[in-house]
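Taking it in order: structure first as structure tokens, then the write-up.
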Amino acid sequence: MSNQSFCASDDRRPVPQRFDDSNRAAFRGYLKICERLKSSPPICPKTARDHQVLPSRLAGADSNGQPDSVTRNGMANHSNSCDCNRSAQLEGNGADMILAWKRFVGLTQNTFHSMAGTMPITPRCLGRRRHPAVARLLPVERLEDRQLLTTFTVTTPADSGEGSLRDAITQANLDNTLDTIEFDIVNLSGSFIKTIALESDLPEIYTPIHFDGTTMPTYTNAPLVVLDGSAVVSGTQMGLTFASGSEGSVVEGLTINRFGSYGIRIGANDITVRANYLGTDETGTSDQGNAAGIGITGNNFTIGGTTAAERNIISGNTYDGIEILGGSNGFVEGNYIGTDVTGSFAIPNSKGISNYNGSHDNLIGGTTAGSGNVISGNTSVGIHLFGSGYPATVQGNLIGLSANGMNPLPNHGYGIVIGSSNNLIGGPTSDAANIIAHNDTAGIGVENGTGNRFQRNSIFQNGTLGIDLNTNNLTLNDLHDADSGANDLLNYPVITAATTIEGYVYLIGDYSGPANETLVLEFFSNEDQEPSGYGEGAHFLGEAIVTTDGNGHASFDVTLPITTGTWITATATDSHNNTSEFSAQAFASHTIINLSNSPLTVKRNKTVLIDPQATVTTTRSNFDFTKLNIGVSSGAQPLDSLQIKNFTDEQSHAKVKYDARKHQLLSGRTIIANLYSPDDMLQLAFRSGISTSLLQQIIRHITFRSSKDAGTRDVSLQVISAEDPPLSAVSTRTIPVT
């Protein structure tokens, strides 16, 4: 039988011209035949050209490290006659032979010329006879396609050769199934931190590969393998490059530093990068930066994760920590960007994250626990969103603070700077809010673009403004909001009065802007007064919705819970998602005029004391340069009047400061002011200090006299102090006139 050959010419089944998914299974079927034939000649090619189908030897290694082979003897001098006089030996099991074939096709230039896998096999008659032992096996049927998941182990820190990372990538690139590259680099000294000092670029990655540095012995959430690119002086000078075809790849548990370009370049979709140090040493405490940490043009990427074990440290890079260069629908979550491994000290990139060049719909941070990034300590901005019409969402991040959320760790520029439209910073829930603090310039700067919404964020103690539209410092309101620019230079609200009592703040104010526009006003409290007088927003208090009238005017009167902070600010967001700068600060007075809620009525043309039991509570002992305004805020009728009657204490030096119509001073112990409209008021000015008790006595002597017109009057009392900080307290008493 060893002297016989066979020919499949009766069936003339063509041999595929390319080795790809459609014929790989057929080749496995051929190997299966060979396994059954053992010592029989598998195929005897008719011509010397056909001998290119199989080499004289395919060498590999089985799972135990023993060599396996496919040996074909007597082929070197074969001619056009089919003279198979010598036996063909097949050794090893089928899986070893497949592995041997994979290795062979990657190493034999005459058989495979490129990644495309060109295989110069032509359909020929391979003899005229069939071997009786195999005739019943022909034609060979295609086997079911199955993914052969292969694991390659890097066992040496050498740049190349058997067991090297370069060799593992080369082998894994030979098929399009997901392979794993593990690391088990043994150090005789007992230290497992191993540096792979690369001498040239690693091969680009064309197939799915899972680089798993967590397989190093003694790995405990800190990379023990370092890819060092400092000696790579030519080529792209990148660490790992994921090209088209590598979709679904993962890289984790590696330190990648000192490359002249990107530590990781992502040019394929669905790539995950987690648990790596990019730009630091293996301890995560020393700067050994790449030119940039990660560059991304692929979509659906994931950088980091929601657990500490998945966190990347992306710090120390010369330019950006992460550059999203067109990649979209990706996630950047749970990373430390610009800090050391503890999140406490700065190891700066230039910029933390840049999102531009057509990138859109990327989520930086998130609302899930652990998804927020720490983006702090960078020499320029924390986040740069650039390029018209390429929106991103930024949620749940610490920007300018350490990982504990308390200690300053500023970016030395803006926390976030925006040069694009329709970005969302924050969100409608508390877990979407970013904390943006201590950065050297503004918390958020908008260079250009519109539709950028800032919602519920905690923004405080930045170098200039909390929000800076046009990045030119404060932009004052203009009539009817006619100007244009970043976020349409939307006007901010104006708070005219703020009073706190029993855990609530009472706010009165106005908004002026475009006519018939609906806006969402957000209110914030702050512990500190901003030097500019225009605040930030440390603590979100709540929101109110207002709609301007035909003249572009709207007023607001809101009550919100407050637990900390005495300086109140507000922002406005219009129906196009433009958010304004912060308003001027209003000091929330702790001075309260307490009027009773007991029923009070007055007949027409009669007089009634507003509240003989009124009290004034304050933390102050006296007031300087203080005014008491008394007026009817709603329902006023001509000839209604207010009086301070029978008050005899001359120490107050009280006098009428303002009567809306008469502008006159009235003498005597009874002071009367006639009211002609809701804007009229009795205004008392105290020329020197007045005690709390004296102010209370004056209020208890205020009377209201109705005109002949029935209806309901709301009498308003307001105390205004010009002290530092200023004080403004308002209380209202409703009086029905029957």
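Residue numbering for the sequence shown is 833 to 1570, as defined by our numbering. Beta carbons are placed, not taken as given, at the ideal position from N, Cα and C, and that holds for glycine.
Residue burial annotation: ASP1007 is buried, with at least 16 other C-beta atoms found within 10 angstroms of its C-beta.
Within 10 angstroms of the beta-carbon of GLY1232 lie 16 or more other beta-carbons, which makes it buried. In this structure, the CA atom of ALA1107 is about 11 Å from the CA atom of VAL1082. Taking 8 Å as the cut-off, the beta carbon of ASN1210 is found closer than this to the beta carbon of ASN1243. Scanning VAL1551, SER1076, ILE1179, SER1357 for the CA closest to the CA of SER1415 turns up SER1357. In terms of Cβ geometry, GLY1148 and GLY1175 do not form a close pair [threshold 8 Å]. When secondary structure is reduced to three states using DSSP, LEU1030 falls in the coil class, being assigned neither helix nor strand.
A buried status is given to MET1048, since no fewer than 16 other beta-carbon atoms sit within 10 Å of its beta-carbon. Beta bridge pairing from DSSP links TYR1366 with ALA1416. In this structure, THR1296 sits away from GLU1413, with a CB-CB distance that is not shorter than 8 Å. In this model, GLU1114 and PRO1055 are separated by some 6 Å (Cα to Cα).
CA-CA distance, GLN1293 to SER1344, rounds to 28 Å.
Where ARG1532 is concerned, the enclosing alpha helix (DSSP H) starts and stops at 1524–1532. Counting along the chain, THR983 sits inside no alpha helix (DSSP H); it lies in the beta strand (DSSP E) bounded by residues 983–986. THR1331 is not a Cβ neighbour of GLY1341, given a cutoff of 8 Å. In terms of Cβ geometry, GLY1228 and SER1191 do not form a close pair [threshold 8 Å]. According to the DSSP assignment, GLN1227 belongs to no alpha helix (DSSP H) but to the beta strand (DSSP E) extending over 1224–1227. Comparing C-alpha distances from GLY1219 to each of SER1262, ILE1098, LEU1157, VAL1173 shows the shortest one belongs to LEU1157. A straight-line Cα-Cα distance of about 12 Å links ASP1044 and ALA1000. When the beta-carbon positions are compared, GLU1165 and ASN1205 come within less than 8 Å of each other. Inter-residue distance for TYR1109 and ASN1239 is about 23 Å (C-alpha atoms, whole angstroms).
Contact between the stretch 1068–1079 and the stretch 1025–1039 is present, with at least three C-beta pairs closer than 8 Å.
For ARG1545, the secondary structure class from DSSP, reduced to helix, strand or coil, is strand. In the three-state reduction of the DSSP assignment, LEU1110 falls in the strand class, which pools E and B.
Distance between ASN1348 and LEU1471, taken at the CA atoms: about 35 Å. Where ASP999 is concerned, there is no enclosing beta strand (DSSP E), although the alpha helix (DSSP H) around it starts and stops at 997–1004. As the crow flies, the alpha-carbon of HIS1312 is around 17 Å from that of PHE1388. Comparing alpha carbon positions, the residue from VAL1390, VAL1569, HIS1042 closest to THR1009 is HIS1042.
For GLU1014, the enclosing beta strand (DSSP E) has its first and last residue at 1011–1015. ASP1016 and GLY1247 have their C-alpha atoms spaced approximately 42 Å apart. A distance below 6 Å between beta-carbons, with the five flanking residues on each side excluded, links PRO1325 to the following residues of its chain, in chain order: GLY1341, TYR1343, LEU1353, ALA1402, ALA1404, SER1415.
According to the DSSP secondary-structure assignment, SER1262 is paired through a beta bridge with no residue. Counting only the Cα atoms, ILE1013 lies some 9 Å from THR982. Taking each of ASN1305, PRO1568, THR1449 in turn and checking the Cα distance to LYS1435, the smallest one comes out for PRO1568.
Straight across, the Cα-Cα distance linking ALA1029 with ASN1089 is about 10 Å. Around the C-beta of LYS1438, fewer than 16 other C-beta atoms lie within 10 Å, and the residue is accordingly described as exposed.
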